[in-house]
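Protein chains in written order, with this note's numbering: chain G, 599 to 684; chain S, 599 to 684; chain Y, 137 to 282; chain F, 137 to 282.
For each residue, glycine too, the CB sits at the ideal point set by N, CA and C.
Note that this is a predicted model, so its numbers are computed, not measured.
For reference, the structure is listed below as structure tokens.
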């Protein structure tokens with residue numbers, strides 16, 4: 599059972615109505631993809647916010663990561679739309 | 599018989615010891631090349647200053663021109679080394 | 137020299153260029169992005185991921201320093217609410233080689249647009265707000281450096 | 137907007153960039169060249185061909201405006217005696233498209249180095265002076281735009 603901080607930015611933050619939460623992840627969640635699959639079973643808000651994973655990006659411990667990246671040992675996982683700075 | 603102003607810049611000015619002169623050109627001088635050929639017969643200073651035409655550039659009426667450019671109608675012909683601004 | 141800043145305050149492009157010019161490289165290139173007032177936009181609010189932003193910008197600066205013969209790199213990105221005309225971002229590079237300075241600027245601004253965690257929310261004169269969508273052209277511009 | 141100046145006085149890169157930024161394009165790129173103090177150089181004196189210079193710079197600005205979608209171009213070149221660290225030249229462009237602004241800057245500085253009638257004479261600490269020789273690399277850089 600791994601404790602992890604989940605962060606949400608921009609439209610993800612607004613859709614979920616929160617910017618961070620602490621979660622205890624199930625052992626079945628080995629990748630970002632698994633984590634999303636588990637989250638969307640927790641609440642309809644997640645199902646809606648994660649409905650289009652192709653329009654989402656993820657960072658594990660502040661580094662951009664693909665959805666098949668392993669999350670073992672991660673302390674902070676952030677979800678957000680593609681960035682639009684500059 | 600055409601009157602023309604000749605201008606010299608940078609090392610050409612220093613080699614010739616002048617920055618401008620008025621000249622009446624012979625009718626045989628149809629191109630920049632012809633003009634150089636005639637000038638070098640006028641004085642040893644010219645022969646020395648124009649000794650390496652490949653290291654010279656020319657502008658006719660303030661526009662860069664190749665040595666085979668016609669000089670008919672030109673009012674101002676300038677000789678100088680390749681430019682080094684910027 | 138490497139300087140990376142994320143700040144709500146405006147910055148001084150001339151001062152930043154002079155600081156890199158003082159390194160003695162000979163060439164200083166820069167790019168400044170301003171808020172455009174298209175479509176009755178009245179403001180942009182820039183949100184970011186604070187713990188990640190400084191590291192992402194620092195990584196970009198290091199990549200540019202590794203790829204080109206640069207003596208200095210400065211990256212500044214503003215956050216918070218900005219209005220049309222305001223400066224958003226500065227990229228500035230110093231090099232003996234003018235092409236290196238200018239190419240590194242192009243690289244840095246292209247990559248910043250896809251790799252640094254900033255998001256823009258637009259406010260329009262009619263009260264509507266919307267998050268800016270990432271542009272495919274920005275992804276393509278970033279990929280040309282791969 | 138097009139502005140071309142040849143002057144002994146220093147210029148203000150930040151002010152020039154802000155003037156182009158005020159056009160509303162969104163993107164402003166610039167390149168500033170400084171005197172380098174290599175090899176015990178103590179000064180550079182820039183000579184030019186006054187009747188030709190303004191026209192040559194104006195032609196370069198027009199060529200850039202024709203080739204890229206620019207809203208503004210500023211070219212400033214100093215003349216006279218300059219010392220290491222001094223600014224010599226500024227190229228500044230404004231465009232909606234950052235790549236256009238940066239490419240046009242690269243074009244303008246490359247072409248300026250082969251097409252504008254300026255010559256540099258160097259003075260060294262030991263009293264020696266010499267005219268700077270044109271570099272083949274500058275000719276090659278200019279030709280890549282043909």
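Beta-carbon separation (whole angstroms), residue i vs residue j, contact threshold 8 angstroms
| i | j | result |
| --- | --- | --- |
| residue 670 of chain S | residue 630 of chain S | Actually they are not in contact, since the Cβ atoms of residue 670 of chain S and residue 630 of chain S sit about 11 angstroms apart, beyond 8 angstroms. |
| residue 281 of chain Y | residue 608 of chain G | Not a contact, Cβ separation roughly 25 angstroms. |
| residue 240 of chain F | residue 275 of chain F | Contact flag wrong, Cβ pair sits at about 20 angstroms. |
| residue 245 of chain F | residue 167 of chain F | 5 angstroms |
| residue 648 of chain G | residue 634 of chain G | 5 angstroms |
| residue 142 of chain F | residue 190 of chain F | 6 angstroms |
Spatial distance of residue i from residue j (CA atoms)
| i | j | result |
| --- | --- | --- |
| residue 265 of chain F | residue 257 of chain F | 7 angstroms |
| residue 625 of chain G | residue 655 of chain G | 23 angstroms |
| residue 283 of chain F | residue 249 of chain Y | Any property of residue 283 of chain F remains undetermined from this structure, which presents chain F solely from 137 to 282. |
| residue 600 of chain G | residue 674 of chain G | 11 angstroms |
| residue 651 of chain S | residue 260 of chain F | 28 angstroms |
| residue 661 of chain S | residue 604 of chain S | 14 angstroms |
| residue 173 of chain F | residue 220 of chain Y | 41 angstroms |
| residue 663 of chain G | residue 209 of chain Y | 26 angstroms |
| residue 224 of chain Y | residue 159 of chain F | 15 angstroms |
| residue 278 of chain Y | residue 227 of chain Y | 15 angstroms |
| residue 194 of chain F | residue 215 of chain F | 17 angstroms |
| residue 233 of chain F | residue 151 of chain F | 21 angstroms |
| residue 237 of chain F | residue 165 of chain Y | 12 angstroms |
| residue 636 of chain G | residue 175 of chain Y | 41 angstroms |
| residue 638 of chain S | residue 171 of chain F | 37 angstroms |
| residue 197 of chain F | residue 137 of chain F | 10 angstroms |
| residue 177 of chain F | residue 162 of chain Y | 13 angstroms |
| residue 645 of chain S | residue 202 of chain F | 43 angstroms |
| residue 139 of chain Y | residue 213 of chain Y | 11 angstroms |
| residue 640 of chain G | residue 627 of chain G | 13 angstroms |
| residue 118 of chain Y | residue 247 of chain Y | Given a span of 137 to 282 for chain Y in the structure shown, any question on residue 118 of chain Y remains unanswerable. |
| residue 149 of chain Y | residue 684 of chain G | 15 angstroms |
| residue 606 of chain S | residue 222 of chain Y | 48 angstroms |
| residue 653 of chain G | residue 184 of chain F | 57 angstroms |
| residue 169 of chain F | residue 672 of chain S | 35 angstroms |
| residue 144 of chain Y | residue 186 of chain Y | 12 angstroms |
| residue 612 of chain S | residue 665 of chain S | 22 angstroms |
Distance CB(residue i)-CB(residue j) smaller than 8 angstroms
| i | j | result |
| --- | --- | --- |
| residue 677 of chain G | residue 618 of chain G | no |
| residue 211 of chain F | residue 182 of chain F | no |
| residue 153 of chain Y | residue 253 of chain Y | no |
| residue 679 of chain G | residue 267 of chain Y | yes |
| residue 156 of chain F | residue 235 of chain F | no |
| residue 242 of chain Y | residue 681 of chain G | no |
| residue 643 of chain G | residue 614 of chain G | yes |
| residue 262 of chain F | residue 192 of chain F | no |
| residue 602 of chain S | residue 616 of chain S | no |
Reduced DSSP secondary structure (H/G/I, E/B, other) of residue i
| i | result |
| --- | --- |
| residue 158 of chain Y | coil |
| residue 250 of chain F | helix |
| residue 663 of chain S | strand |
| residue 137 of chain Y | coil |
| residue 267 of chain Y | strand |
| residue 183 of chain F | strand |
| residue 255 of chain Y | strand |
| residue 636 of chain S | helix |
| residue 148 of chain F | coil |
| residue 641 of chain S | coil |
| residue 282 of chain Y | coil |
| residue 242 of chain F | helix |
| residue 612 of chain G | helix |
| residue 198 of chain Y | helix |
| residue 649 of chain G | coil |
Identity of the residues DSSP links to residue i by a beta bridge
| i | result |
| --- | --- |
| residue 169 of chain F | Y/163 and F/225 |
| residue 655 of chain G | G/678 |
| residue 143 of chain Y | Y/214 |
| residue 188 of chain F | In the DSSP output, where bridge partners are listed per residue, residue 188 of chain F has none listed. |
| residue 668 of chain G | G/629 |
| residue 260 of chain F | F/177 |
| residue 230 of chain Y | Y/164 and Y/208 |
| residue 622 of chain G | G/601 |
| residue 606 of chain S | S/677 |
Any non-hydrogen atom of the ligand ATP within 7 angstroms of residue i CB
| i | result |
| --- | --- |
| residue 619 of chain S | In terms of ligand content, the structure shown is empty, and the ligand ATP therefore cannot be addressed. |
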